[in-house]
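In this text, residue positions in the sequence shown follow our numbering: the first is 62, and each later residue adds one.
Cβ atoms here follow ideal geometry from the backbone N, Cα and C, with glycine treated the same way.
On a predicted model such as this, the values are computed, not experimentally measured, just so you know.
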Amino acid sequence: MKKTIIAALLCMVCTTVALAQGKQLVILHTNDTHSTVYPLNPTLGDTLVAGRGGYLRRMKMIEEERAKAPKLLLIDSGDFSQGSPYYNLYQGEVEVKLMNMMKYDAATIGNHEFDFGLENMAKLFKMAEFPILCANYDFTGTVVEGLVQPYTIIKRDGVKIGLFGICPPLKGLVFDHNCEGVKYLDPATEAQRWTDYLRNVKKCDLVICISHLGWEMGKKVDDDDNRVIAKTRGIDLVLGGHSHTYFPSLKYIT
Numbered sequence: 062m063k064k065t066i067i068a069a070l071l072c073m074v075c076t077t078v079a080l081a082q083g084k085q086l087v088i089l090h091t092n093d094t095h096s097t098v099y100p101l102n103p104t105l106g107d108t109l110v111a112g113r114g115g116y117l118r119r120m121k122m123i124e125e126e127r128a129k130a131p132k133l134l135l136i137d138s139g140d141f142s143q144g145s146p147y148y149n150l151y152q153g154e155v156e157v158k159l160m161n162m163m164k165y166d167a168a169t170i171g172n173h174e175f176d177f178g179l180e181n182m183a184k185l186f187k188m189a190e191f192p193i194l195c196a197n198y199d200f201t202g203t204v205v206e207g208l209v210q211p212y213t214i215i216k217r218d219g220v221k222i223g224l225f226g227i228c229p230p231l232k233g234l235v236f237d238h239n240c241e242g243v244k245y246l247d248p249a250t251e252a253q254r255w256t257d258y259l260r261n262v263k264k265c266d267l268v269i270c271i272s273h274l275g276w277e278m279g280k281k282v283d284d285d286d287n288r289v290i291a292k293t294r295g296i297d298l299v300l301g302g303h304s305h306t307y308f309p310s311l312k313y314i315t
């Protein structure tokens, strides 16, 4: 039997995972923050997000949670780019510098990270003081080659945590000239490959998929979080993004 926990929320969620050793791991997860340097307009029609967000608020929450759990993980599931004049003017530098200040542990790539092309992406990923993870984009022969890795391993309180990234199809989401030379690999195949590697070769206690595939995307795409989970075994936790889905609580799939 497999058990996969799904946490795919808009903005920020705090998740506590109970481990077999009797320890607990606190994970802070953000996704699709879309350059909300300042809080969103309180008069937005989407009342779920109206008046919310902003980097100062996020920093404060992280500070408060780290005071309670100093060894927590801080993860982003992509699309930290695009959505404010700051991004249009500085092309992602502001967002990455602020994420560095918040001491993110890892992030994956959203489709909007491509918006200013591969040269800009390479510049941002060089600035990042945290690993950029994506197992199913092959950047060989592009300026991004060597700046993205399929996985990383983090140790917290004696627990070995393997994390890998999975990202959405480029066709229909990214202009061809902004992703020229990037090869898209099957997400389920790569998810299983790196799960097995982290579990069996690297002997990780916990395997986490940082996904930007989206939740229940229907006929729009061939693969989303639901279908990748159904096709794979061994993933403990999926931290999702892309679909801007709000979960009031974690979903457990067995």
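- Judged by DSSP secondary structure, L185 falls within the alpha helix (DSSP H) whose first and last residues are G178 to M188.
- Between V235 and F186, the C-beta spacing is not below 8 Å.
- Around the beta-carbon of A128, fewer than 16 other beta-carbon atoms lie within 10 Å, marking it exposed.
- Pairing H303 with T169, the inter-Cα distance amounts to about 11 Å.
- Per DSSP, the unbroken beta strand (DSSP E) holding R217 starts and ends at Y212 to R217.
- As for any beta strand (DSSP E) of minimum length 3 sitting wholly inside the stretch 237-304, the runs are 267-272 and 298-300, ordered along the chain.
- DSSP, reduced to helix, strand and coil, places K132 outside both helices and strands of the structure shown, so it counts as coil.
- Contact annotation: G226 and C195 have beta-carbon atoms nearer than 8 Å.
- Comparing alpha-carbon positions, the option among I136, P146 and K184 lying closest to D166 turns out to be I136.
- Bridge partners of Y148 according to DSSP: none are assigned.
- Taken through DSSP and simplified to helix, strand or coil, K121 comes out as helix.
- Take M188, set aside five residues on each side of it, and the residues of its chain with a beta-carbon closer than 6 Å to its own are V157, in chain order.
- Looking at the DSSP output, D137 bridges to T91 and A168.
- Shown here, V98 sits in coil according to DSSP, grouped into three states, outside any helix or strand.
- With a threshold of 16 other beta carbon atoms within 10 Å, S96 meets it and is buried.
- In the structure shown, the three-state DSSP call for V220 is strand.
- The C-alpha of D218 lies about 7 Å from the C-alpha of K132.
- From the listed residues T104, G106, P100 and L134, the smallest Cα separation to R119 is found for P100.
- Here DSSP, grouped into helix, strand and coil, assigns Y116 to helix.
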